[in-house]
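Enquirer:
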Amino acid sequence: MGQSKKLLGVFSDYHLPYLWQAEDGRVAEKVTLSADGNVVFPIAQQCVLNPESKDIPTLEMMTKKALNNLSADNEKGFFLMAEGASIDKAAHDADICASMGAMLEFDRTVKIAIEYAKIHEDTVVIVTSDHGGSTQNIHHPYYENYKRTGENIPGLYELLTTKGGNEMAVYYGTNNTSDQVHTGIDVPIYSYGMPDDLVFKGTIRQTDIKGTMEKFLFE
71 MGQSKKLLGV FSDYHLPYLW QAEDGRVAEK VTLSADGNVV FPIAQQCVLN PESKDIPTLE
131 MMTKKALNNL SADNEKGFFL MAEGASIDKA AHDADICASM GAMLEFDRTV KIAIEYAKIH
191 EDTVVIVTSD HGGSTQNIHH PYYENYKRTG ENIPGLYELL TTKGGNEMAV YYGTNNTSDQ
251 VHTGIDVPIY SYGMPDDLVF KGTIRQTDIK GTMEKFLFE
């Protein structure tokens, strides 16, 4: 019996652990008020590696393995979808460190795909999202002569410290405190290697992406 070329990798009983977490593991929280009615802001913290992700393959590693496996002795070509799923999962949890770690991991994965496409003719890379998320980066609300109240920040709130030592405020304000839902904003779409007559332009329907891929693959 010949050796099967099928490959299945299962690395967790549930969702894969996030790559990053906040220093104290805290996610965004509802701000509280002091006795005088002023907002009590959380202490700014940094994002650090999550020790639970230490032995879990990254999205880049899995993508490299998939590309190597699919392209070996393959004259017919292939279709590969690599999803940065933890970006959305962490957004639902109001966990900004986990979301940012997953976004950077996805960014590195896109780089791998582009590098592969540059040395393999007739390869197209398409990068997009299926929806927007509730995470918003906002200005830190410092006011000198204005007394803030809890109504100014109705959702969950988090402060992070950047590498440059500055504070970055993140806000979740689209839903209740138990779950942060998707938003209906337009999402970007980028492509590399697409023929001129199939290049995505302007504002399109999300369902048009499938038709364009079919034209590239089968026509």
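Under my numbering, the final residue of the sequence shown carries the number 289; numbering is consecutive throughout.
For glycine and all other residues, C-beta sits at the position ideal for the given N, C-alpha and C.
Classify residue 255 as buried or exposed, calling it buried when 16 or more other Cβ atoms lie within 10 Å of its own Cβ.
Expert: So residue 255 ends up on the exposed side.
Enquirer: Which residue or residues does DSSP assign as beta-bridge partners of residue 279?
Expert: Looking at the DSSP assignment, residue 279 forms no beta bridge with any residue, so it has no partner.
Enquirer: Using a Cβ distance threshold of 8 Å, determine whether the segment 154-173 contacts the segment 85-93, with at least three qualifying pairs required.
Expert: The segment 154-173 is in contact with the segment 85-93.
Enquirer: Would you say the segment 226-238 touches the segment 95-109, given that touching needs at least three Cβ pairs under 8 Å?
Expert: The answer is yes - the segment 95-109 touches the segment 226-238, with three or more Cβ pairs under 8 Å.
Enquirer: Within the same chain, show all residues whose beta-carbon is closer than 7 Å to that of residue 161, passing over the 5 residues directly before and after it, in chain order.
Expert: Excluding sequence neighbours, residue 161 sits near 169, 203, 204, 205, 250.
Enquirer: Per DSSP, what kind of secondary structure is residue 157 in: helix, strand or coil?
Expert: Residue 157 falls in the helix class under three-state DSSP.
Enquirer: Here's a check: name, in chain order, each residue in its chain whose Cβ is nearer than 7 Å to the Cβ of residue 268, leaving out the five neighbours to either side.
Expert: Correct list, in chain order: 282, 285, 286.
Enquirer: Determine the burial state of residue 123: buried for a count of at least 16 other Cβ atoms within 10 Å of its Cβ, exposed for fewer.
Expert: Result: buried.
Enquirer: Look at the Cβ atom of residue 129, then the Cβ atom of residue 140, and state whether they are nearer than 8 Å.
Expert: Contact flag unset, no.
Enquirer: Would you kindly check if the distance between the Cβ of residue 262 and the Cβ of residue 187 is under 8 Å?
Expert: Yes.
Enquirer: Just the C-alpha distance for residue 105 and residue 121, rounded to the nearest angstrom, thanks.
Expert: For residue 105 and residue 121, the distance between alpha carbons rounds to 38 Å.
Enquirer: Considering just the uninterrupted stretch of the beta strand (DSSP E) at residue 180, what are its terminal residues?
Expert: Element bounds for residue 180: not the beta strand (DSSP E) but the alpha helix (DSSP H), 166-189.
Enquirer: Who are the near neighbours of residue 240 in its chain, counting only those whose CB is closer than 8 Å to its CB and skipping five residues on each side?
Expert: Closer than 8 Å at the Cβ level, and outside the excluded window around residue 240, lie 98, 166, 205, 206, 207, 208, 227, 228, 229, 230.
Enquirer: If you drop the 5 nearest sequence neighbours on each side, which residues of the same chain put their C-beta closer than 6 Å to that of residue 112?
Expert: Around residue 112: 229.
Enquirer: So the beta strand (DSSP E) residue 261 belongs to, where does it begin and stop?
Expert: Element bounds for residue 261: 259-262.
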